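**Student:**
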Amino acid sequence: MQPTPEQSPHHAYPDHWEADVVLRDGGTARIRPITTDDAERLVSFYEQVSDESKYYRFFAPYPRLSAKDVHRFTHHDYVDRVGLAATVGGEFIATVRYDRIDATGRPASAPADEAEVAFLVQDAHQGRGVASALLEHIAAVARERGIRRFAAEVLPANNKMIKVFRDAGYTQQRSFEDGSVHLTLDLEPTAESLAVQRAREQRAESRSVQRLIAPGSVAVIGTGRNPGGVGRTVLRNLLDAGFTGRAYAVNSAFAADQATIDGVPAHRSIGEIGEPVDLAVVAVPADRVPEAVADCGEHGVQGLVVLSAGYAEWGAEGRERQRELVRQARSYGMRIIGPNAFGVINNSDAVRLNASLAPEPPAPGRIGLFTQSGAIGIALLSGLYRRGAGLSTFISAGNRADISGNDFLQYWYEDPDTDVALLYLESLGNPRKFTRLARRTAAVKPVVVVKGARHSGSTPPGHAVPVSRIPDATVSALMRQAGVIRVDTVTEMVDAGLLLADQPLPAGPRVAILGNSESLGLLTYDACLAEGLRPRPPRDLTTAATPQNFRDALAEALADRSCDAVIVTAIPWVGENGEAESGDGEVLAAALRTAAATGPAKPVAVVHVEIGGLAEALAAATSTAAVPRVARASAPAAPDAPAAPADRVVPPTAPTATAPGDQLTQQRSDTGTGDTPAVPTLGRIPAYPAAERAVRALAEAVKYAQWRRQAAVPGKVPEFLDDTIDEAGAAARIDALLGPDPDPRGRPLSHDEACELLGRYGITVRPTLPAPDPDAAVSAAARLGYPVALKTTAPHLRHRADLGGVRLDLANEAALRRAYDELTDLLGKPTELQPVVQSMAPRGVDTVVRATIDPAAGAVLSFGLAGAPSELLGDTAHRLVPATDRDAAELIRSIRAAPVLFGWRGSAPVDTLALEELLLRVSRLVDDHPEVVSVALEPVVVATHGLTVLGASVRLSPPPARTDLGPRRLPNY
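Each residue of the sequence shown is one higher than the last, beginning at 3 in our numbering.
1. Short of 8 Å in beta carbon distance, which residues of its chain neighbour Tyr64, apart from the five on each side in sequence? Order them along the chain.
2. Quick one: what does DSSP say Pro366 is sitting in, helix, strand or coil?
3. Using 10 angstroms around the beta-carbon of Ser636, count the other beta-carbons present and answer buried if the total reaches 16, otherwise exposed.
4. Which residue from Ile515, Ala282 and Ile275 puts its Cα closest to that of Leu214?
5. Alpha carbon to alpha carbon, what distance is there between Gly787 and Thr886?
6. Cutting at 7 Å between CB atoms, please list the residues of its own chain near Thr726, excluding the five before and the five after it.
7. Taking its Cβ as the centre, do 16 or more other Cβ atoms sit within 10 Å of His111, making it buried, or is it exposed?
8. Kindly confirm or deny that the segment 487-504 and the segment 385-395 touch, where touching means at least three C-beta pairs closer than 8 Å.
9. List the endpoints of the continuous alpha helix (DSSP H) containing Ser46.
10. On a Cα-Cα basis, can you pick out the residue from Ala598, Gly131, Gly92 and Glu919 that is closest to Lys718?
11. Between Phe47 and the rest of its own chain, which residues show a CB-CB distance below 6 Å, the 5 nearest in sequence each way excluded?
12. Three-state secondary structure (DSSP) at Phe60?
13. So who's on the other strand from Thr30, going by DSSP bridges?
14. Our contact map puts Tyr172 next to Leu187 with C-beta atoms below 8 Å; I'd like the distance itself, whole angstroms only.
15. With the cut-off set at 8 Å, would you say Ala567 and Val513 are in Cβ contact?
16. Let me confirm a value: Gln412 is counted as buried when at least 16 other C-beta atoms fall within 10 Å, else exposed. Which label applies?
17. In angstroms with no decimal places, state the Cα-to-Cα distance between Leu792 and Asp474.
18. Which of helix, strand or coil does DSSP assign to Thr262?
19. Given a cut-off of 8 Å, decide if Leu818 and Thr794 are closer than it, judged by their beta-carbon atoms.
20. The alpha helix (DSSP H) that contains Pro832, what's its start and end?
21. Tell me the residue span of the beta strand (DSSP E) that contains Ser177.
22. What does the alpha-carbon distance come out to for the pair Asp404 and Val328?
23. Indicate whether Val570 and Gly499 have their beta-carbon atoms separated by less than 8 Å.
24. In the DSSP assignment, what residue or residues form a beta bridge with Asn356?
25. Jot down the residue ranges of each uninterrupted alpha helix (DSSP H) in the segment 852-926, minimum 4 residues, whole runs only, in chain order.
26. In terms of residue numbering, what span does the alpha helix (DSSP H) encompassing Leu137 cover?
27. Judging by CA-CA distance, which residue of Val928, Asp889 and Ala555 is the nearest neighbour of Ser936?
28. Apart from the five residues on each side of it in sequence, which residues of its chain come closer than 6 Å, Cβ to Cβ, to Pro844?
29. Under a three-way DSSP split, which group does Ser55 fall into?
30. In the structure shown, what three-state DSSP assignment does Asp297 receive?
31. Tell me where the beta strand (DSSP E) around Thr826 begins and ends.
32. Where do the ends of the beta strand (DSSP E) carrying Thr950 lie?
33. Give the straight-line distance between the Cα atoms of Pro5 and Pro746, rounded to the nearest whole angstrom.
34. With H, G and I counted as helix, E and B as strand and the rest as coil, what does DSSP make of Val956?
35. Within 10 angstroms of the Cβ of Ala444, are there 16 or more other Cβ atoms? Answer buried if so, exposed if not.
36. By the 10 Å Cβ neighbour count, where 16 or more other Cβ atoms means buried, how is Gln124 classified, buried or exposed?
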């Protein structure tokens, strides 16, 4: 929607204010500025508003808008007067406007920073959260235009609008004047307003997914007249699954007298059905999809699953076709799974939806599965089917032009039927949001992710995502920080998912191993050590062990308080004739399941070799009840490993752990009272064909359980930092350095400028003095005091001691002059080397601290040892900013070379507390000032007491947009 020539030429139409939003009921609406072309829409909209709503808006009967009103409400300068409309199907359903006012309430211009705001919502759309969404967007517009407060007059009886203001989370004041409620809202975002916004986002996006996977009626558009074909296959799968709602077949080529197909009503269009349709599965050629979408939108369909191909995966033309598909669907308030999707499955008894092409539908279970690839989706469904695993929901999103993994994380977060979320992702459309949602979901249920296209350096066909410069190792570290279980293959994802769905969380890394094969037990023991677990010596039951022996040994291991998990290894029995017997798998499975059901709640996994029927019998649970997830305080760290901060006591409301020190008393079944025996709950036990796979899955569960315990009480930024930080002074200095018209490419700071800025955050860089000739070097050393270091600062030699560009411990003038001559003779002229003199720092460990702003992931804080460990071996740890005290402690301890900091081989431990403080100061700097897009402190020499920053570089740039802090909006790909 572009402005006409009547719009002010000084304020062009702000198309960046346009946004698609998800409303409370899961439908969508488009928010955009009102223009002079909207006069007829405004009049039509107003005619559909009730007299009561008009009275609440104008405080008097106001049956129609005058020509003057229409002109005033459609002509804006987009600065002092702004109007926004929420539209569905191109028509207005709500409006909001503000007018800048002065202290007396009269119209004004800047620098006046207050505006009067008013809303009007069509009665048919009240209760959908439209006004709340409009308030978020008009507040963002106002802040952009220098307005800091909203004033509103509301009649006391208008409870709905008063609630919109009250629940927004902004700081506000209320008074009662002249028969109306006077409200003043401070528009500066607060922690409460951000929390309110994200809670609304979660409810709305969760509901939008629910509309797609729990419909009351489904129409398959493109159902073939003959058996076979995509549409007919989906209809057949829908009926075979026992869909509980109404199903319709739609094909424009049906004969006028054709009443049914496959036993369901057949129609030539959605409009012919004559009844509400919640979901449409579109399986027609791409050139016919717009017609089908329009038919759906005009007849109230709530969502679409588009199986049709020929979109962004086909190049530029298809990409534009895909964008138009999304625009068209959203204009009608519909959301899309696809295009190029494989379909959706919901195994809930209340729905039983299989609107997919899956040849082997999964059994009901407690795993949610999202995949961006149809081929991977088929493989995963097949693998889960073979292993007897069940799914709650399955989604193959194809090009995921609209609905994405983020939306399903919103849904699974509170879905009572899903205990574990599995995601195969080839791209992250909004990494910041994904990390935020994954952290929240992982706090209540495991999230397991396989990331495809990790090393291709390009986006998969059909996916339009922000460009990210961070390597895959950094992405993995950030996922770990958010509690995501990141695995490398889909096989590992299934392995981990089965264990997490069917077994309680382990309380620690101590593992008991038992079985009838000494060799298989030793392989399992070695695999545990390789994965960082603490296995006990394997217990060999010998090849003569019976199922009863296995049951007794497992019961004993589960009762042992010195172990947190059990791995059972089993090979076929050898009969009296020397031949292997593999037919007793069902008997062994029953014995193991009985022992597991009656023992303490600890995870059990089985490694088996060619025992017929064992895996199937273990997977055949007799109860689908959710397994309680129990975790206990972590076991003490290994003696040679640096210990992270001690876990705090978990609140009673935490769903993951008992408090540290408590006995693990929760059982897999009730113990019974009096003479009433307990009834065991016989759940599934995951079985694996190789020890390494079982151990790797268990190791992931151990790490996740530890994260859950720590995440129950989040870290914080120590308050003492505030006393030594000059945030306002740093902001003023950054503004001065960038200037009134900053270069969008940014600028690096000089050494002195960087030192000054860092000093405002309590980060002191050891002084250096230039040494353009030997005499200047001697003079500098005299000022600084011997001993000194002589270093080159030329970019190609910076931090390259291995090339001879650094000379240390120069104790006197003679040593300094000799080093200067050697340096220039070896490496070049002083004008090329740019040498400097710096006083020596106390001996310690050389480290490097960095922070960078990635356009996709946000600010990232990194740490490693300087030199080869980080540069050659990639031994660097990463955390998202803002970092907490716990993040800083874990950052130091998570690199492989961490023992060097903690007294490796008898050396003195260094001052890691000082290092943690430095990390927090750098984190705070880039979090407070998004203009600081890069900080590098190298080297940072950490001694036994204190540390010294010897080198620093800082880069400033106009701050990138923070989409995660703005009003809610759907991404536009």
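Where is the CB? At the ideal position from N, CA and C, for every residue including glycine. Since the model is a prediction, treat every value here as computed from it, not as a measurement.
**Tutor:** Let me spell this out:
1. Lys56 and Tyr57
2. strand
3. Since pLDDT at Ser636 reaches only 35, below the 50 mark, its modelled position is unreliable, and no value is offered.
4. Ala282
5. 38 Å
6. Gly764
7. Checking the sequence shown, residue 111 turns out to be Ser, not His. Counting Cβ neighbours within 10 Å, Ser111 comes out exposed, since fewer than 16 surround it.
8. yes
9. Ala41 to Glu49
10. Glu919
11. Phe94
12. helix
13. Val24
14. 5 Å
15. yes
16. buried
17. 37 Å
18. strand
19. no
20. Pro832 to Leu835
21. Thr173 to Glu179
22. 7 Å
23. no
24. Ile347
25. 870-873 and 887-895
26. Val132 to Glu146
27. Val928
28. Ala945
29. helix
30. helix
31. Element bounds for Thr826: not the beta strand (DSSP E) but the alpha helix (DSSP H), Glu815 to Leu829.
32. Leu949 to Val951
33. Confidence is the limiting factor: at Pro5 the pLDDT is only 45, short of 50, which leaves the residue's position unreliable, though a coordinate-based value still follows. Taking the straight line from one Cα to the other gives about 28 Å.
34. strand
35. buried
36. buried
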